[in-house]
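In terms of my numbering, the sequence shown has 113 at position 105, counting the first letter as 1, and numbering is strictly consecutive.
The structure under discussion appears below in the form of C-alpha cells.
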Amino acid sequence: MNVTDSLKMDDKVVIVTGGTRGVGKGIAEVFLSAGATVVVCSRTAPDSLPQHADRRAVFVECNVKDADSIQACVNQVKAQFGRIDCLVNNAGGTPHADSATVSPRFNEAIIHLNLLAPFTFSQAVNQVMQGQASGGSIINIASVSAIRPSPGTAAYGAAKAGLINLCTSLAVEWGPQVRVNAITAGLIETEQSHLHYGDQAGIDAVGKTIPMQRMAVPEDIGKACLYLASELSSFVTGTSIEVHGGGEIPAVYGAQNAND
Numbered sequence: 009m010n011v012t013d014s015l016k017m018d019d020k021v022v023i024v025t026g027g028t029r030g031v032g033k034g035i036a037e038v039f040l041s042a043g044a045t046v047v048v049c050s051r052t053a054p055d056s057l058p059q060h061a062d063r064r065a066v067f068v069e070c071n072v073k074d075a076d077s078i079q080a081c082v083n084q085v086k087a088q089f090g091r092i093d094c095l096v097n098n099a100g101g102t103p104h105a106d107s108a109t110v111s112p113r114f115n116e117a118i119i120h121l122n123l124l125a126p127f128t129f130s131q132a133v134n135q136v137m138q139g140q141a142s143g144g145s146i147i148n149i150a151s152v153s154a155i156r157p158s159p160g161t162a163a164y165g166a167a168k169a170g171l172i173n174l175c176t177s178l179a180v181e182w183g184p185q186v187r188v189n190a191i192t193a194g195l196i197e198t199e200q201s202h203l204h205y206g207d208q209a210g211i212d213a214v215g216k217t218i219p220m221q222r223m224a225v226p227e228d229i230g231k232a233c234l235y236l237a238s239e240l241s242s243f244v245t246g247t248s249i250e251v252h253g254g255g256e257i258p259a260v261y262g263a264q265n266a267n268d
C-alpha cells in the first residue's frame, strides 16, 4: 500500500457541520489540502470560506437542530455532487451554566445540539452512503468532557459521552458499508480562545497543563479526521480516538512534585 495515495481524497465529497470557523474550519482546510470536495454548513453564511491554495469549500445553509433542514442539506449535496463519502459532525458547544440552577430548556437545547443533531444528520447521510459501492465514513467530534468531570458544562459532557457511545451502536447497525467513529478532542486553541482563557499568557498557561505543553490547534483535529475518512482506517469503526495531547496533567501529580 502507498500510504500517501491512501490519504488522497481527490474524488471524495465531505460534509463538515459547523465548518465555517474554529475547529470546523480547520477540519475543512485539511480535507481541502487532501483534494476533497468540502461542503461546510451552518445557519448563516460566513464572510469567507475555508480554503487551501486555490481550493475553496462550498457553503450550504443548514440548521443542524432541524431535521427538515438537515435532510434538505443532504439532498442538495447529493444532487450537486452525486455522492457523500464522509460526514464530520463537528457543530456543537455550550456556554457555562450552574448545574444547580440551569433550566430544563437549556439542558434540552445543549443535548439536542451535541447529541441528537449529530444522530439525525448521521441517519440522513447513512441513507446515501448505504447505496454507494464505497460506503462512507461518519466522524463525530466529541470532547474530553465526555470522559472526565465537566463542571459548569454538565449537560454538554453528558451529551458528548452519549455521542461516543452512539458510535459503537451505529457501527454495528450500519457496518460494514458505513464506518462510524468519534474523536475525543482535548483543549483546542481557536480564534475565540481568549473568551475562555483571557490573553495569550492565559492560553499558554493552560497549555502547560497538557503533557504536549500546548493546546491543540484545529489542524490537529483535522488530521485525525482525515485518517478516519481514509483507506488507512478501513478496519477502524465503532471507536473513539483521543486527540488531547496526553490529557490534562492530574492535580495530584503537580501537588506531589511542587517541592521538587
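No residue lacks a Cβ here, since even glycine has one placed at the ideal position from N, Cα and C.
Here the structure is a predicted model, which is why all the values come from computation and not from measurement.
Residue i and residue j closer than 8 Å at C-beta
i: S130; j: L171; result: no
i: S238; j: A193; result: no
i: G253; j: A224; result: yes
i: V8; j: E227; result: Residue numbering for the chain in the displayed model covers 9 to 268; residue 8 lies beyond these limits and cannot be assessed.
i: T128; j: N189; result: no
i: Q185; j: Q138; result: yes
i: A125; j: A99; result: yes
i: I211; j: A167; result: no
i: N97; j: N173; result: no
i: V11; j: D93; result: no
i: L236; j: L15; result: no
For residue j and residue i, believed in contact at Cβ under 8 Å, the rounded distance
i: I196; j: C233; result: In fact, because the Cβ distance is near 13 Å, the residues do not count as touching under 8 Å.
i: V85; j: I146; result: At roughly 14 Å, the Cβ-Cβ gap does not stay under 8 Å, so V85 and I146 are not in contact.
Spatially closest choice to residue i from the options, by CA coordinates
i: G144; options: H120, A209, L178 and G160; result: L178
i: A132; options: D76, A117, V251 and L15; result: D76
i: T102; options: Q221, F67, T161 and T28; result: T161
i: T109; options: G255, A163 and S142; result: A163
i: R29; options: K73, S142, E250 and G230; result: G230
i: S153; options: E199, H104, Q88 and K33; result: H104
i: C70; options: A61, E181, A80 and D62; result: A80
i: C49; options: R113, L121, G26 and F89; result: G26
i: S248; options: F89, I155, D55 and A117; result: I155
i: F243; options: R187, A61 and Q200; result: R187
i: Q88; options: F67, G165, S107 and K73; result: F67
Residue interval of the beta strand (DSSP E) (run including residue i)
i: V251; result: S248 to V251
i: N148; result: G144 to S151
Limits of the alpha helix (DSSP H) - the one that residue i falls within
i: K170; result: A small fix is needed here, since residue 170 is Gly in this sequence, not Lys. A162 to W182 is the extent of the alpha helix (DSSP H) around G170.
i: E227; result: P226 to A237
i: I23; result: I23 -> not in any alpha helix (DSSP H); beta strand (DSSP E) instead, spanning V21 to T25.
i: A105; result: First-last for A105: undefined, no H or E at that position.
i: P157; result: Here P157 belongs to no alpha helix (DSSP H), and DSSP marks it neither H nor E.
i: I218; result: It is not in any alpha helix (DSSP H) - I218 carries neither H nor E in the DSSP assignment.
i: I257; result: Unbroken run through I257: none, as it is neither H nor E.
i: N122; result: Neither: N122 is in no alpha helix (DSSP H) and is coded neither H nor E.
Simplified DSSP assignment, three categories, for residue i
i: T45; result: strand
i: I78; result: helix
i: Q138; result: coil
i: S242; result: coil
i: L95; result: strand
i: V11; result: helix
i: A190; result: strand
i: A36; result: helix
i: D72; result: According to the sequence as given, residue 72 is Val; it is not Asp. Note: V72 maps to coil in three-state DSSP.
i: P50; result: Here residue 50 turns out to be Ser, not Pro, going by the sequence shown. Strand, per DSSP.
i: R63; result: strand
Contact with chain C by residue i, beta-carbon distance below 8 Å
i: L57; result: Looking for chain C here will not work: only one protein chain is present.
Residue i CB to nearest heavy atom of the ligand ZN below 7 Å
i: Q138; result: Questions concerning the ligand ZN fall outside what the structure shown contains, since it holds no ligand whatsoever.
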